[in-house]
Amino acid sequence: MEVLLDPLRGSPSYALNAYHDDGASQRTPRPATEAEREKVAQIRKLQAKIRERVEAGKAPSWNDREAVLLSFGPNWPEHLQTYMLAANTMDQGVQPR
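Counting in full-length UniProt numbering, the sequence shown runs from 1 upward without gaps.
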């Protein structure tokens, strides 16, 4: 899923992948399935919610995370994994080594 999201430069995922992919061939992901396209759309909506609270190049604070997750109501724990994927593929100002 992370490959389909194409993590932004400055995201934790981009930094980690840049380290592991150093010297690897060019990225060529397979086309997404319908279910994967739906999941990517869901993650992009969540990223928009996060971006309403946090500017580009900044990491979400605990208060930001809490506000976004609690907006899902009592079933917020079901969204935690998706939240982490959404946040970790957004620009947070992380520099690859």
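The beta-carbon is built from N, C-alpha and C at its ideal position, and this holds for glycine as well.
- With a cut-off of 8 Å on Cβ pairs, the segment 25-44 is not in contact with the segment 64-78, counting fewer than three such pairs.
- Counting only the Cα atoms, Ala18 lies some 21 Å from Gln47.
- When C-alpha distances from Ala67 are compared across Lys49, Ala56, Ile43, Arg97, the shortest belongs to Lys49.
- Boundaries for Asp91: no alpha helix (DSSP H) harbours it, and the DSSP string shows neither H nor E there.
- Judged by DSSP secondary structure, Arg37 falls within the alpha helix (DSSP H) whose first and last residues are 34-53.
- In chain order, Leu5, Thr82, Leu85, Ala86 place their CB closer than 7 Å to the CB of Ile43, counting only its own chain and leaving out the 5 sequence neighbours on each side.
- About 10 Å separates the beta carbons of Arg51 and Asp64, which is beyond the 8 Å limit, so they are not a contact pair.
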